[in-house]
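In this note's numbering, the protein residues as written are 1280 to 1598. To start, the structure under review is shown below, and the notes come after it.
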Amino acid sequence: MAENKNDPSQVKDTGHVWDGIRELDNPCPRWWLNSLWLSGLMVIVYFILYPSLPLIEGSTKGILGWTQINEFEEDMAKVEAIRAPFDNQLAAMTVEEILVDPRMLNYAIGSSKVLYGDNCAACHGVGGAPPTGVFYPNLTDDDWLFGGGIYDIKMSIAQGRAGMMPAHKNLLTEEETDQLVQFVIDYSNGEPTEAGLALYNAKGCFACHGADAKGIKAMGSANLTDKIWRFSGTPEGIRHSIIHGVNDPSDPQTHIAVMPGWNEKVAIMMEARAYAIEDGDDPNDIDWDDELDGDEAERLTETDIKKLAVYVHQLGGGQ
Ligand code: HEC
Ligand code: HEC
1280 MAENKNDPSQ VKDTGHVWDG IRELDNPCPR WWLNSLWLSG LMVIVYFILY
1330 PSLPLIEGST KGILGWTQIN EFEEDMAKVE AIRAPFDNQL AAMTVEEILV
1380 DPRMLNYAIG SSKVLYGDNC AACHGVGGAP PTGVFYPNLT DDDWLFGGGI
1430 YDIKMSIAQG RAGMMPAHKN LLTEEETDQL VQFVIDYSNG EPTEAGLALY
1480 NAKGCFACHG ADAKGIKAMG SANLTDKIWR FSGTPEGIRH SIIHGVNDPS
1530 DPQTHIAVMP GWNEKVAIMM EARAYAIEDG DDPNDIDWDD ELDGDEAERL
1580 TETDIKKLAV YVHQLGGGQ
């Protein structure tokens, strides 16, 4: 019979009938069949070129030798090739030099963002501003515990920091505590009283917070006269700081405030150079075998420390 696909009565059927509906036996369209063969062919080509059939260990390798890891490593190598000249140059510069070289400064800041995100943001917050109520120093303001100069910032990062204030619960009477809380509030409002200042001095607060209560950066003691609170500026919060102190192991309610160190070797070298300069010696004459044991912890490279120091310095308030 002459077949006309559009006329069901002229099309061969398979002999199957359900509820009066015949199953026709039309051939598949040619374009459809061709695509089927073509996709089959592609499968074979891919099988030959790329890793495909899973074996007990690994898989067939494919003749191109392609792997995801190779592709990743090739891309990374391209990135490294672009970075290497910058990183080499950066490694040879001091942080002070980087700060005045706009091109290197730009590079240092740009490449610190990931470093900062991976290592610092968990405590100091995205962009250097921790969420409120979390007791980590804000790195974007003008208020520095340990100093906002580039040297101090680099030292904070390399060495780590942990301010220490003893718990005063056994050192002060209830009344003295009340008076000191009031004194800290008054001073932050610019109205310190004579009596308050006398008690502040008598109780030894000045030894760490300074005669002007503005803090001493070598100790990381907070400035009590500004309204930027490291922990809390409410009367209860200030009372808590005074009674329980900071990092005082004898008091379970003490504020814990520990900044981990990221490169002990850099910290030791910075300190040795600073001492040499202070003594009028040439820092190039330092015998590093004497200063370093070789087992110093280096969680970030020296170049990374430089990048981060520069990054934090420009976040705001770097001095
Ligand atoms: C585990 C939490 C933690 C991490 C991670 C951390 N810090 Fe800190 N950081 C602190 C604390 C706490 C202090 C304050 C220490 C104190 O109060 O004595 C601090 C202090 C600092 C200071 C000194 C601030 C000042 O006011 O003088 C700088 C700068 C700093 N951190 C930068 C960094 C950088 C950069 C990183 C990442 C490499 C980092 N921190 C990672 C907790 C952390
Ligand atoms: C041994 C040194 C030391 C002594 C003594 C000391 N402090 Fe402190 N104090 C610190 C340090 C260091 C910090 C900041 C800790 C940090 O952030 O790491 C601090 C923090 C504080 C804070 C918290 C400030 C804020 O911004 O939240 C208050 C309030 C305070 N001190 C008041 C006092 C008073 C009042 C006295 C005297 C009774 C006193 N301190 C004695 C070292 C000391």
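We treat Cβ as the ideally placed atom computed from N, Cα and C, and that holds for glycine. Values in this document were obtained by computation on a predicted structure and should not be read as measured data.
Per the C-alpha coordinates, the member of M1372, D1420, M1444, Y1430 positioned closest to S1529 is M1444. About 12 Å separates the beta carbons of E1575 and E1550, which is beyond the 8 Å limit, so they are not a contact pair.
Uninterrupted alpha helix (DSSP H) stretches at least 4 residues long and entirely within the segment 1520-1584 occur at 1543-1557, 1567-1570, given in chain order.
By the CB criterion at 8 Å, A1437 and G1540 fall inside the cutoff. Distances between the C-beta of M1444 and the heavy atoms of ligand 2 include at least one below 7 Å.
In the same chain as I1342, and ignoring 5 residues on each side of it, the C-beta atoms closer than 7 Å to its own belong to I1327, L1328, in chain order. Taking all protein chains in view, the Cβ of Q1347 is surrounded by fewer than 16 other Cβ atoms within 10 Å, so the residue is classified as exposed. At least one heavy atom of ligand 2 falls within 7 Å of the beta-carbon of H1447.
Ranking D1354, S1288, E1336, L1378 by CA distance to the CA of K1585 puts L1378 first. Within its own chain, the residues whose Cβ lies closer than 8 Å to the Cβ of S1467, once the five positions on either side in sequence are excluded, are L1503, T1504, D1505, K1506, G1512, listed in chain order. Under the 10 Å beta carbon count, L1315 is surrounded by fewer than 16 other beta carbons and is classified as exposed. Secondary structure in the segment 1300-1356: the beta strand (DSSP E) runs of 3 residues or longer, each lying completely within the stretch, are 1300-1303 in chain order. Residue environment for A1441: exposed (fewer than 16 other C-beta atoms within 10 angstroms of its C-beta). In terms of CA proximity to K1284, C1307 leads the group W1297, C1307, G1299. Taking 8 Å as the upper bound for CB-CB distance, R1518 and T1456 are in contact here, some 6 Å apart. Annotation for G1483 indicates a beta carbon within 7 Å of some heavy atom of ligand 2. For the pair F1425 and L1334, the Cα-to-Cα distance works out to about 59 Å. The three-state reading of DSSP puts M1444 in strand, counting E and B together.
K1496 and W1423 do touch by the CB rule: their CB atoms are close to 7 Å apart, below 8 Å. Residue environment for M1321: exposed (fewer than 16 other C-beta atoms within 10 angstroms of its C-beta).
Taking the Cα positions, G1412 is about 12 Å away from C1402. Beyond the five residues adjoining it in sequence on each side, L1394 comes within less than 7 Å, by CB distance, of D1583, K1586, L1587 in the same chain, given in chain order. Per DSSP, D1397 has no beta-bridge partner at all. Annotation: G1489 is outside any beta strand (DSSP E) and is labelled neither H nor E by DSSP. Judged by beta-carbon spacing, N1398 lies beyond the 8 Å limit of A1408, meaning their Cβ atoms are not closer than that value. Residue burial annotation: A1501 is buried, with at least 16 other C-beta atoms found within 10 angstroms of its C-beta. Scanning its chain for C-beta atoms nearer than 7 Å, with the 5 sequence neighbours on each side dropped, one finds around Q1593 the residues I1388, in chain order.
Here L1478 has E1455, Q1458, L1459, F1462 as same chain residues with Cβ atoms under 8 Å from its own Cβ, once five neighbours each way along the sequence are excluded.
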